[in-house]
Amino acid sequence: MKFFFLGISSLAFLLFGHFSTSPANISIDYEPIGRICTEDYDECDLTIQYAFTVTAADTAGLVVAYRFIGPQGIPLPDPYGTLVGEYPNYAISGTYPLGAISFFVEASNAAAEEMSVELPLEVVDCYAPIMAWVDTIRMPTVPIDLDQNNRYDFIGLKLVPTDFSTDPPFEGCNGMPQFSITHPDSLPNNADSLIIACWDTFPQIIRVWTWDDADNPGAVQPDSTVGGANYTKRDIVIMPPTEGPDCDSLPIVTGKVRTENGKVYPNLNINAVGDISLQTMTDHQGNYLLTEFSPGVSYRFTVDTISDKPANGVTILDVTLLARHILNMNPLVSPYKVIAADVNDSGTLTTLDIVLMRLMIIGQLDEFPGGTPSWRFVPSHYSFPPERNPFDPRFREDRILNNIQGFHEVDFVAIKMGDINCSATLP
Ligand SMILES: [Ca+2]
Ligand SMILES: [Ca+2]
Ligand SMILES: [Ca+2]
Numbered sequence: 006m007k008f009f010f011l012g013i014s015s016l017a018f019l020l021f022g023h024f025s026t027s028p029a030n031i032s033i034d035y036e037p038i039g040r041i042c043t044e045d046y047d048e049c050d051l052t053i054q055y056a057f058t059v060t061a062a063d064t065a066g067l068v069v070a071y072r073f074i075g076p077q078g079i080p081l082p083d084p085y086g087t088l089v090g091e092y093p094n095y096a097i098s099g100t101y102p103l104g105a106i107s108f109f110v111e112a113s114n115a116a117a118e119e120m121s122v123e124l125p126l127e128v129v130d131c132y133a134p135i136m137a138w139v140d141t142i143r144m145p146t147v148p149i150d151l152d153q154n155n156r157y158d159f160i161g162l163k164l165v166p167t168d169f170s171t172d173p174p175f176e177g178c179n180g181m182p183q184f185s186i187t188h189p190d191s192l193p194n195n196a197d198s199l200i201i202a203c204w205d206t207f208p209q210i211i212r213v214w215t216w217d218d219a220d221n222p223g224a225v226q227p228d229s230t231v232g233g234a235n236y237t238k239r240d241i242v243i244m245p246p247t248e249g250p251d252c253d254s255l256p257i258v259t260g261k262v263r264t265e266n267g268k269v270y271p272n273l274n275i276n277a278v279g280d281i282s283l284q285t286m287t288d289h290q291g292n293y294l295l296t297e298f299s300p301g302v303s304y305r306f307t308v309d310t311i312s313d314k315p316a317n318g319v320t321i322l323d324v325t326l327l328a329r330h331i332l333n334m335n336p337l338v339s340p341y342k343v344i345a346a347d348v349n350d351s352g353t354l355t356t357l358d359i360v361l362m363r364l365m366i367i368g369q370l371d372e373f374p375g376g377t378p379s380w381r382f383v384p385s386h387y388s389f390p391p392e393r394n395p396f397d398p399r400f401r402e403d404r405i406l407n408n409i410q411g412f413h414e415v416d417f418v419a420i421k422m423g424d425i426n427c428s429a430t431l432p
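Numbering (the numbering used here), first residue to last: 6 to 432.
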């Protein structure tokens, strides 16, 4: 409503302004300054001479005056400057803060002829904050609690912006600047620190960003849009750490879960139970990482078995493979295939396994008997007995790391029960 009202009134002003002075007996000429930057990064205002000329055919009783129109839009006496000069050359002289304002200049004479113009001015902070940066830095290693649950996850480096400045941060026109530390190929984010794992390669380049709260219509943003804060960035070399705890002074276990023919199994629950229970999941590459172990404690690693879709991958071909094995025509050489074939978990491969697989294929079974899961997981490092009979002694579905120290890899082989040729689809 307010906007509408202003629109009508300024339209009326333009129309009547034109007619009352046409042909113009008084004219005001000026070069608009418009948007202009402050002169330096630490200056938050700008001193200007805003020049204009007044020409009148009849100068008797000529009065030239102006009012300041600030962000509120109300014409006021100018709190920052004054009118200087004399007919015909004048200027508004003053020091103006950041922001968009205008000067409403009026000239009138004794004959009641008058003219007015509005001189636009927008003082903009076009400078990013400045810090005294260092180009290279060597930081000590420290224990990192990445998820802040009060158990250390790994040894690494934690970088904060003040690490890279020899001076306190510059306090700009728009308050304290903001900071972000990123890898060189990332845009700045809200995180004001960056963690680098101890086993990353060094030297390493990181990028420090700083920006103000200026609304600079000409500032190019990190995402290539134009208008907003003034950004600056600097690449800094992180040298290899020489102080602090060794990289492997906190235990870390990585691992992967694959089928015998290399298919990836994501979203599996991985457990390590010792003085506490640790749990994580395999990612889309079938890999996992576990931290927060207490050094020197023993942990037992398992993968939660899966009971969904027991018929997945079970076909008549698997039945044929098992039949040939039982008849000793073409024995299964892989212990993982032998485990897959024992669908009733009896520790032997018999015609009963063949019958159960057939029933599963024709949809007469909802699950294999004996508590047999759909998928089970055997540690990759488990070495089977020489005769390749995985049932004597029975194969392990866990792996124990005693007195855990340093880095370990604990991998598992995923076995789909009843699927001897590894044709099952993975989630
Ligand atoms: Ca933690
Ligand atoms: Ca069996
Ligand atoms: Ca199969």
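Note that the Cβ used here is the ideal one computed from N, Cα and C, for glycine as well.
In DSSP terms, what residue i is bridged to
i, result
"M120", "A112"
"K238", "W214"
"V383", "V418"
"E127", "R40 and A105"
"G86", "G99"
"E91", "N94"
Buried versus exposed call for residue i [16 or more other C-beta atoms within 10 Å across all chains shown]
i, result
"R404", "buried"
"Q153", "exposed"
"H330", "buried"
"V59", "buried"
"P256", "buried"
"I281", "exposed"
"E44", "exposed"
"I420", "buried"
"F184", "buried"
"P193", "buried"
"T52", "exposed"
Where residue i sits in the DSSP three-state scheme
i, result
"I366", "helix"
"V4", "Residue 4 is absent from the structure shown; the chain starts at 6 and stops at 432."
"T206", "coil"
"F400", "coil"
"A277", "strand"
"T259", "strand"
"V3", "The displayed coordinates of the chain run from 6 to 432. Any statement about residue 3 would go beyond what the structure contains."
"T60", "strand"
"P80", "strand"
"R329", "helix"
"F169", "helix"
"D197", "coil"
"S185", "strand"
Near ligand 3: residue i beta-carbon under 7 Å from a heavy atom
i, result
"N426", "yes"
"V348", "no"
"L322", "yes"
Heavy atom of ligand 4 within 7 Å of residue i beta-carbon
i, result
"G318", "With respect to ligand 4, the structure shown offers nothing to examine, as its ligands consist of ligand 1, ligand 2 and ligand 3."
Heavy atom of ligand 2 within 7 Å of residue i beta-carbon
i, result
"L370", "no"
"T146", "no"
"T353", "yes"
"L357", "yes"
### Task
Just jot down, in chain order, the residues whose CB lies closer than 5 Å to any heavy atom of ligand 1.
D150, D152, N154, R156 and D158
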